[in-house]
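Novice: Below is the structure I would like to discuss, written out as structure tokens.
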């Protein structure tokens, strides 16, 4: 199978269900944002290789990233279809995946000082990477909500993305904590 199909040469693309849309369609923006986030999580996954310092509650942060990447493929495929029959035949996000993120947030938070201020997205370099992933996740969530305004069956996807951005924010703080790097408070002028 060739990697190039030439079907997009005129500014259109085919969705999972076979329908054709313009490349700037909100749905393409949504699943493109999921792909962008997934790629960035892949970078963080690679940076965490052989890093046991960021394990918590018998869980590897790296393993959780791998699960998130797989879940984002599910998100992307769900966003890449208009046909509800095809949508229902695709792999779905298990609500337990959102619960799994919440448990990770709670475990990391148990080691952190309570937040008293807004913080700047900085600190240890790995923390900064998690903050970038968080912003990519928020964009994906916004684009998904735009699609979901016309199609209500994306409720689980929206919940997952919302919790994922919370997880990534907490992971950024957790990395700073484990590397003895202070979160940097926002200084109001």
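In the working numbering, the protein residues as written are 1 to 189.
The beta carbon of each residue, even a glycine, is placed where N, CA and C say it ideally should be.
Note that the coordinates shown come from a computational prediction; the quantities given were computed from them, not determined experimentally.
How is residue 22 classed by DSSP in three states: helix, strand or coil?
Specialist: strand
Novice: Helix, strand or coil for residue 185? Go by DSSP, reduced to three states.
Specialist: Annotated three-state conformation of residue 185 is strand, per DSSP.
Novice: Beta-carbon within less than 7 Å of residue 144's beta-carbon, same chain only, minus the 5 sequence neighbours each way: which residues are those?
Specialist: 30, 79, 154, 157, 158, 161
Novice: At 4 residues or longer, and completely inside the segment 70–117: list those alpha helix (DSSP H) runs for me, N to C.
Specialist: 84–89, 95–109
Novice: Would you tell me roughly how many angstroms separate the C-alpha atoms of residue 36 and residue 136, rounded to the nearest one?
Specialist: Each residue's Cα considered, the two are about 7 Å apart.
Novice: Assess, as a yes-or-no matter, whether the segment 66–81 is touched by the segment 176–184 under the definition of 3 or more beta carbon pairs within less than 8 Å.
Specialist: The segment 176–184, when compared against the segment 66–81, does not touch it at the 8 Å Cβ threshold.
Novice: Which of helix, strand or coil does DSSP assign to residue 3?
Specialist: Here residue 3 sits in coil by DSSP.
Novice: Tell whether a beta-carbon distance below 9 Å holds between residue 90 and residue 16.
Specialist: yes
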